[in-house]
Structure formats: C-alpha cells, structure tokens
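*Asks:*
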C-alpha cells in the first residue's frame, strides 16, 4: 500500500511574547499515515493542531523534529517537487481583492507552470465545474462567502493535485452551498482518485465524507478509525427509550449481548445498545414474552458528534 502522507514523531512549537518569551506546543509527536486514494478527516477542538499539521504537510511551516514524507518524498529536501503535486483550500479564502475570479485562476495557473492553451482550457474547466462562469469578471471583494469558497476550491485543483488538503471547506456557508461544496469534494475524490485530507467542525459533514477519522487534541492523535468503530470503541451506542405500562415488572437486560447500559423506573426503560437495528428486535421479543406492554418507542442513534464531545473532554 502506497502512502500519500507519512508523519513520524512530528513536533512543532511556536515561541511568542516579549520580553518574556513563552512557548506553545502545537504538535507533540504526531504519527499519521494516509494511504493514496483515501478521503480522511482530521477532527479536533480549536487549537488542537489541525491547521498546523496541514501547514507542515503543505510546506507552509517546518517541523523542528520528526519525519515528514508527502507522496513518497521528504518534504524538507524535495519541497518544490512535492508542492507541484499537492494543493490546499482554506475555509477562510483570501485572494488579491481587486482581481477577478478569472484573473485569480489564471494567476495561480501561471504559478503552477500552466501557459497558453493549456492554461485557458484548465481555467475554463474550473469555471464550469464550480458554476463560476457568471462571476468570472467579478472582483474577489465583490463575491459572496459561498462564491469565494468555490473559488478557493477551484484554485486548489488548478494543478490536478494528487493530494488535496481542505481546511474547513464549508465554514460559514449556507446549508445549500455547503452541500454543493461537499458534492464537489466527493466527485473529485471518486472521479480522479485524489487523496484528500479534510479538517472540519461539522460532524455530519465528516461522517458523510470521510472513510476514516483522526482525532487530534493538544497536539497528539488521540483516536483513529472509521466513525462506526470509534463509536463502538468508546461505547457510544444508540439510545432506545421504551415507555411502559406502569403495572408491569421490567425484565433485566444486563446479560443480553450488545447492551451497554440499562436503566428503568417501571414506567420507562432507557437502554444504550451497540446497534439498535440488531438489538431492538431481541429486546421486543423478551418484553413480549414477559407480557410487558410497550406504549411508545423512541430511538436516538449515536453519531460523530458524540465521539467528538467524548474525546474533547
């Protein structure tokens, strides 16, 4: 399996303040391996080190300790070669304010060595891909937040990157625009096989897009895996609430497989299970067998937000 990203014991410290200098340890021995063709998420609270990590991988910052390889190359000794094969899109898009959408795309295309017909063709393709034709001659400072973000994504594809970093790609966007941005990201991954590493605070977005999640806190990777596996590892099961006839004795579920927690007060039963689709039929069979009358059933599935809250504590 080829790796697009390899980080081994990576450290990054920022020094600030005067005259009394202080240190901020942004990354503390990060280890991360991302295979080619993956679409993974990097989650964590504010200040956890997400943007610092992406900045090191995209050669905007240098780690003072550790080993970093991107697309098989050492990021320190082969920086120029790597930079031609990667790109980055920030959720806080910042472009030359007086240049139009089309001018910005041409400018960045030239920086990546595209000239003549090839450059014109690529800019045209990106204008069409992100529905930017109607805004081609609009200056950057005249664009809406959503259109600025689409320009940022278009710029990040100007060199057909093998590896794409997306830092909060839908922050501040309306739900409809955010959905279209997510659709574009998914399409890029599916059609081009681009390796994508995305940071986001939108847990639903991460669950929709990402095959696996790395959770970073205080500069270290605290958990890693598929969203489903993280929920099971943390025992963050689905919540089943049963309202019962008050005159019955509730059978115990403690010995039943897949039950994480079980509480009852004779009028209701609150159960946390690994998977409600598997366990609910078994629970209902037991209750029916014991003659328990259930008047109402409600289910709340565990999601990535529960994982985030648990790990962020």
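In the working numbering, the protein residues as written are 88 to 400. Even glycine gets a Cβ: it sits at the ideal position worked out from N, Cα and C.
Based on DSSP bridge pairs, tell me the residues matched to residue 103.
*Replies:* BP columns for residue 103 point to 109.
*Asks:* Checking 8 Å against the spacing of the C-beta atoms, do residue 206 and residue 197 come in under that value?
*Replies:* Yes, the Cβ-Cβ distance between residue 206 and residue 197 is below 8 Å.
*Asks:* Select from 287, 144, 315 the residue whose C-alpha is nearest the C-alpha of residue 390.
*Replies:* Residue 315 is the option with its Cα nearest to residue 390.
*Asks:* Could you please give the first and the last residue of the uninterrupted alpha helix (DSSP H) stretch that includes residue 340?
*Replies:* No alpha helix (DSSP H) contains residue 340, which DSSP labels as neither H nor E.
*Asks:* Would you report the Cα separation of residue 459 and residue 238, rounded to the nearest angstrom?
*Replies:* Shown here, the chain extends from 88 to 400; a query on residue 459 therefore has no answer.
*Asks:* Report the start-end ranges of each beta strand (DSSP E) in the segment 239 to 300 that is 3 residues or longer and not cut off at the edges.
*Replies:* Entirely contained in the segment 239 to 300, the beta strand (DSSP E) runs reaching 3 residues are, in chain order, 250 to 254, 282 to 286.
*Asks:* Cutting at 7 Å between CB atoms, please list the residues of its own chain near residue 136, excluding the five before and the five after it.
*Replies:* Result list for residue 136: 113, 114, 303, 306, in chain order.
*Asks:* Please classify residue 142: does DSSP put it in a helix, a strand, or coil?
*Replies:* Residue state, collapsed to three classes: helix.
*Asks:* Leaving out five residues on either side along the sequence, give the residues of the same chain with a beta carbon under 8 Å from the beta carbon of residue 109.
*Replies:* Cβ within range, chain order: 102, 103.
*Asks:* Count Cβ pairs between the segment 183 to 194 and the segment 114 to 124 that sit closer than 8 Å; are there 3 or more?
*Replies:* Short answer: they don't touch.
*Asks:* For the pair the segment 268 to 277 and the segment 359 to 372, tell me if three or more CB-CB distances fall below 8 Å.
*Replies:* As far as the Cβ criterion goes, the segment 268 to 277 does not touch the segment 359 to 372, which means the pair count is below three.
*Asks:* Alpha carbon to alpha carbon, how far is residue 260 from residue 282?
*Replies:* Taking the straight line from one Cα to the other gives about 24 Å.
*Asks:* On a CA-only basis, which of 288, 356, 171 is nearest residue 134? Give me that one, please.
*Replies:* With distances taken between Cα atoms, residue 134 lies closest to 288.
*Asks:* Which whole-angstrom value describes the C-beta separation of residue 286 and residue 255, a residue pair presumed to lie in contact below a C-beta threshold of 8 Å?
*Replies:* With 8 Å as the limit, residue 286 and residue 255 qualify as a contact, their Cβ atoms being about 6 Å apart.
*Asks:* Buried or exposed: residue 138, going by 16 or more other Cβ atoms within 10 Å of its Cβ?
*Replies:* Buried, since its Cβ has 16 or more Cβ neighbours within 10 Å.
*Asks:* I'd like to confirm the pairing. Which residues does DSSP put opposite residue 326 in its beta bridges?
*Replies:* Bridge partners of residue 326: 359, 387.
*Asks:* On a Cα-Cα basis, can you pick out the residue from 383, 242, 218 that is closest to residue 181?
*Replies:* For the residues 383, 242, 218, the minimum Cα distance to residue 181 belongs to 242.
*Asks:* Could I get the ranges of all uninterrupted alpha helix (DSSP H) runs contained in the segment 202 to 228, with 4 residues as the minimum, in chain order?
*Replies:* Qualifying alpha helix (DSSP H) stretches, in chain order: 203 to 216.
*Asks:* Secondary structure at residue 200, three-state DSSP: helix, strand or coil?
*Replies:* DSSP places residue 200 in coil when its eight states are reduced to three.
*Asks:* Given residue 99, which residues of its chain have a CB within under 7 Å of its CB, disregarding the five upstream and five downstream residues?
*Replies:* Excluding residues within five positions, the ones whose Cβ falls inside 7 Å are 113, 114, 139, 143, 148, 150, 151.
*Asks:* Evaluate residue 171 with the Cβ neighbour count: other Cβ atoms within 10 Å of its Cβ, from every protein chain shown; 16 or more gives buried, anything less gives exposed.
*Replies:* Flag for residue 171 reads exposed.
*Asks:* Identify whether residue 98 lies in helix, strand or coil by the three-state DSSP scheme.
*Replies:* In this structure, residue 98 counts as strand in the three-state DSSP scheme.
*Asks:* Unbroken alpha helix (DSSP H) runs of length 4 or more, entirely within the segment 119 to 169: which are they?
*Replies:* Segments of the alpha helix (DSSP H) lying fully in the segment 119 to 169: 137 to 144.
*Asks:* Counting pairs of Cβ atoms below 8 Å between the segment 325 to 344 and the segment 155 to 167, do you hit three or more?
*Replies:* Touching, no.
*Asks:* Just list the residues that DSSP pairs residue 351 with in beta bridges.
*Replies:* 356.
*Asks:* Can you name, in chain order, every residue of its own chain whose Cβ lies under 7 Å from the Cβ of residue 355, other than the five neighbours on each side?
*Replies:* Answer for residue 355: 328, 329, 330, 331, listed in chain order.
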